[in-house]
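Protein chains in written order, with this note's numbering: chain A, 1 to 99; chain B, 1 to 214.
This is how it looks when you write it as structure tokens:
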């Protein structure tokens, strides 16, 4: 990306949302010396695998959690099925709580 | 985790709702995925719920205030500055600041050289001393352009670097982070360490601005 043409630097900032901090924390734990489930290089490769189109559509932490999830599935740490079921559970829990 | 906290710059301070994962906007698939992945990893014993909570808290406690303290000390104490230039992480430790295990290298601004940091590959940043990076640091425009036209990018931040000053751009990696030791502004001779630390803003330690006398 270094050296490519791009527009002016957009200086507005947003505060980190709690879910974004959660992604950040998950990543740090997974790459931490204590666990070493994923390396930073794998995370980056996973982000590059998303392809240029998706890269620009997703926000920063959307790219991260996509990459983390893909790598965890690739490594067999979690399966697609259990992730799908769990995501449904999370949604159901939210609806119950009226959110 | 506390329900409210201050993030570095007061401009951004606010309270979070009591339930940490509830956002103001609609729930997106990515938020759901984040919660699901976190829960699964905890269930599988990859890490514990306590580990995750502690990590989020640790992220929340890091801010440019820590970086500012280290810079102020380096301005005031020549021997400390030598140690700081040799080993930022160890120097921060002297002030009771945990700078983590990834080495941070300080680059010093002088009347001849102005330094600026970037991560062209992703978003590597001395977050243990500066907190989470600002959005623009992670964005395409900054990362692609600062290596090619640093003067132009700095101008967008309101920073005019004289043409006789060399600009050095440092590209961070996952294994080595940089931070800028800004120049101490003239007219701050009477200021104490705490006052000096307070005028060292985040962007000056990235190198897109300079520190100004208040």
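Even glycine gets a Cβ: it sits at the ideal position worked out from N, Cα and C.
With a 10 Å radius around the Cβ and a threshold of 16 neighbouring Cβ atoms, residue 67 (chain B) comes out buried. In the DSSP annotation of this structure, the continuous segment of the beta strand (DSSP E) that includes residue 108 (chain B) starts and ends at 104-108.
Taking the beta carbon of residue 81 (chain A) as reference, no residue of chain B falls within 9 Å; the closest one sits roughly 11 Å away.
Using a CB distance cut-off of 9 Å, residue 7 (chain A) counts as an interface residue toward chain B.
By the rule that beta-carbons nearer than 9 Å mark a contact, residue 53 (chain A) does not touch chain B. Look at residue 186 (chain B): its C-beta is not under 9 Å from any C-beta on chain A. No Cβ of chain A is located within less than 9 Å of the beta carbon of residue 50 (chain B). The bridge partners DSSP lists for residue 114 (chain B) are B:167.
Rounded to whole angstroms, the separation of the alpha carbons of residue 126 (chain B) and residue 74 (chain A) is 30 Å. Taking 9 Å as the Cβ-Cβ cut-off, the region 75-101 of chain B approaches chain A at 101, given in chain order. Separation of residue 27 (chain B) and residue 204 (chain B) (C-alpha to C-alpha, rounded to the nearest whole angstrom) is 36 Å. Counting only residues of its own chain and dropping the five nearest sequence neighbours on each side, residue 43 (chain A) has a CB closer than 8 Å to the CB of 27, 31, 64, 67, 68 and 71. Rounded to the nearest whole angstrom, the C-alpha separation of residue 91 (chain B) and residue 118 (chain B) is 23 Å. Collapsing the DSSP output to three states places residue 54 (chain A) in a helix. Assigned with DSSP and collapsed to three states, residue 16 (chain A) falls in coil, not helix or strand. Each of B:131, B:52, B:58 and B:174 was checked against the Cα of residue 15 (chain A), and the nearest Cα belongs to B:131. Assigned with DSSP and collapsed to three states, residue 70 (chain B) falls in helix.
Of all residues in the region 112-139 of chain B, only 118, 120, 121, 122, 123, 132, 134, 135, 136, 138 and 139 come within less than 8 Å of chain A when Cβ atoms are compared, listed by chain position.
The secondary-structure analysis by DSSP pairs residue 37 (chain B) with nothing; it has no beta-bridge partner. For residue 158 (chain B), there are no CB contacts under 6 Å within the same chain when 5 residues up- and downstream are skipped. With respect to residue 153 (chain B), residue 3 (chain A) sits apart: the two C-beta atoms are not nearer than 9 Å. Here DSSP, grouped into helix, strand and coil, assigns residue 30 (chain B) to helix. The three-state reading of DSSP puts residue 212 (chain B) in coil, since its state is none of H, G, I, E or B. Between the region 69-84 of chain B and the region 47-56 of chain A there are fewer than three C-beta pairs closer than 8 Å, too few to call the two in contact. For residue 176 (chain B), the nearest beta carbon of chain A is not closer than 9 Å to its own beta carbon. Taking a contact as a CB-CB distance under 8 Å, the pair residue 104 (chain B) and residue 179 (chain B) counts as one, their CB atoms being some 6 Å apart. By the CB criterion at 9 Å, residue 82 (chain A) and residue 40 (chain B) fall inside the cutoff. Against residue 3 (chain A), the close residues of chain B are 144, 147 and 148, in the order they occur along the chain (beta-carbon pairs closer than 7 Å). Interface with chain B (9 Å Cβ-Cβ cutoff): residue 50 (chain A) is excluded. Around residue 171 (chain B), the beta-carbon contacts reaching into chain A at under 9 Å are 2. Counting only Cβ-Cβ distances below 7 Å, residue 38 (chain A) has no contacts in chain B at all, with the closest Cβ about 10 Å away. In the DSSP assignment, residue 85 (chain B) falls within the alpha helix (DSSP H) that extends over 78-86. Contact annotation: residue 99 (chain B) and residue 8 (chain A) have beta-carbon atoms that are not nearer than 9 Å. Going by beta carbons, residue 56 (chain B) and residue 25 (chain A) fall inside the 9 Å limit.
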